[in-house]
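In case it helps, the working numbering puts the sequence shown at residues 582 to 1031.
Backbone N, C-alpha and C fix where the C-beta goes; we use that ideal spot for every residue, glycine too.
First comes the structure, then the notes that go with it.
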Amino acid sequence: MLLSVLDQTVVAIALPNIVADLGGMDAIGWIVTSYLLASTATGALYGRISDRFGRRPVFITTVAVFVAGSALCGLAQTMPQLIAARTLQGIGAGAMFVLPTIALSELYPQHLRSKVQGFTGGVFALASVGGPLAGGMITDAWGWRWIFYINLPLGLLSMALIAIALRLPKTGGDGKVDLAGAVLIAGATVSLLLVTEWGGRTYAWSSSVILALIGAFTVLVALFVWRQRCATNPLLPLRLFTNPTLRVALPASALLGALLGGSIMYLPTYLQSAYGMGATQAGLALNPYVLTFMAVSLVAGARISASGRFKPYLLAGSVITVLGFALLSQLNPDTAYALFAVEIGVLGVGFGLLMQNLVVVAQNAATPADLAATSSATVSIRGLGISLGVAVFGNLLTRELQGHTQSAQVTAMAIPDVLVWGVPAAVVLVALMALLPRTINHPVSGDTTK
């Protein structure tokens, strides 16, 4: 899981070195975008594939794909080769957060899920913020190719440990995987992400390219819904949306992802612009966010496991997230770092209360037959939200900077004006948490491991 999230951000700090070595400045954004598109578009598929073939073989296979993609990234001699290898990496990475989330829910009974999944929230926080820091240190010490080569021993170790330790039965019988549905949802995901990535920056919103992508997204979503109605073993059973808990948890996961992605991607930029920090120093300066996120995720997971009461924690987390964005929107270049540290710590508390507990709420509301589909949908929708948040907040930042001479002070002043948009989004999240049922349905789990 660490590798999957880490490789979303680890390359950011190495981009100048990569361009200096390979050229292709006009395609630099695709080094990040190709990975995000591939991992987001394929995530929902792996739950059903692992139902059919088993969690362990599918996990080992996808990590092998990720490792092969990493090796090819390190060996790339041209920018197109690197982008193609990053796409292959992303196809493998799509499973590396989804499948562990499913497996953990099957290894532990419902009353322990929140405690165990709390660890994954800590991993996410560490990897999200640690990516630029690790990328900077590795690039400075050994060169940019080693940010990819380092994945090889870690990935192989993960494959070996899973091969030895993990024993879970196949749960989906011999039903066919809904490949047609997977292609449709992948196409819709890519279309939507390209709209948010290109709209208003690479192409005007009214351009034929953006309008065509919007049209493609609409048609593909309609076809996907039709396919799910008639498929024997649908990728995303529409009956999930008849469950009152899942009707709230799934859109809330997307919104939470957007807030996560939109904030964490631009906070390091603020530190570099406002305080003149280098990339490594900026990564270390985000420790208050990382440490509070990790600590709260672990503690809240344990307390919820003991009490079984989710809603108060989720409501509190969403309210604290509103406060965190409201505080960050008031930043200015003269704000003392100590105050900034407190404010990002507040945001870390909010996200720590929400992130994995929202996944567990969705899992606990699902029947055993739908557990994998529900877990895949929740994690994949959150991943889509993260990608959309990065793109949308990036678009807002571009708009704020238009007409201004580029400088560190201008960027530092613009970022709080972008973060203010997180306040109304987080208010919507509060409303969604208020709509959650007071108690979550607990169908008979059929767990074999207690």
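*residue 807 - containing alpha helix (DSSP H), residue span*: 789-811
*Under a three-way DSSP split, which group does residue 780 fall into?*
strand
*Could you name each continuous alpha helix (DSSP H) segment of 4 residues or more that falls completely within the segment 617-661, going from the start of the chain to the end?*
636-656
*Given residue 620, which residues of its chain have a CB within under 6 Å of its CB, disregarding the five upstream and five downstream residues?*
671, 674, 675
*How long is the line joining the alpha carbons of residue 1002 and residue 787, rounded to whole angstroms?*
23 Å
*Just reading off the alpha helix (DSSP H) that residue 828 is part of, what are its end residues?*
825-845
*Euclidean distance between Cα positions of residue 910 and residue 999*: 8 Å
*In chain order, which continuous runs of the alpha helix (DSSP H) of length 4 or greater are located wholly inside the segment 961-1013?*
989-1000
*Apart from the five residues on each side of it in sequence, which residues of its chain come closer than 6 Å, Cβ to Cβ, to residue 1013?*
829, 833
_Short of 7 Å in beta carbon distance, which residues of its chain neighbour residue 850, apart from the five on each side in sequence? Order them along the chain._
992, 996
*asked:* Can you tell me where the alpha helix (DSSP H) holding residue 730 begins and where it ends?
replied: 727-730
*Provide the residue span of the alpha helix (DSSP H) that contains residue 895, from first to last.*
892-909
_I need the straight-line Cα distance from residue 1026 to residue 690, nearest angstrom please._
Note that residue 1026 has pLDDT 42, beneath the 50 cutoff, so the model's placement of it is unreliable and the number below is only indicative. The straight-line gap from Cα to Cα measures roughly 8 Å.
*What is the DSSP secondary structure of residue 586, reduced to helix, strand or coil?*
helix
*Give a yes or no on whether the C-beta atoms belonging to residue 816 and residue 629 are separated by under 7 Å.*
yes
*Cβ distance (whole Å) where residue 972 is taken to contact residue 777 below 8 Å*: 4 Å
*Buried/exposed call for residue 616, threshold 16 Cβ in 10 Å*: buried
*Mind checking which residues open and close the alpha helix (DSSP H) that includes residue 718?*
691-723
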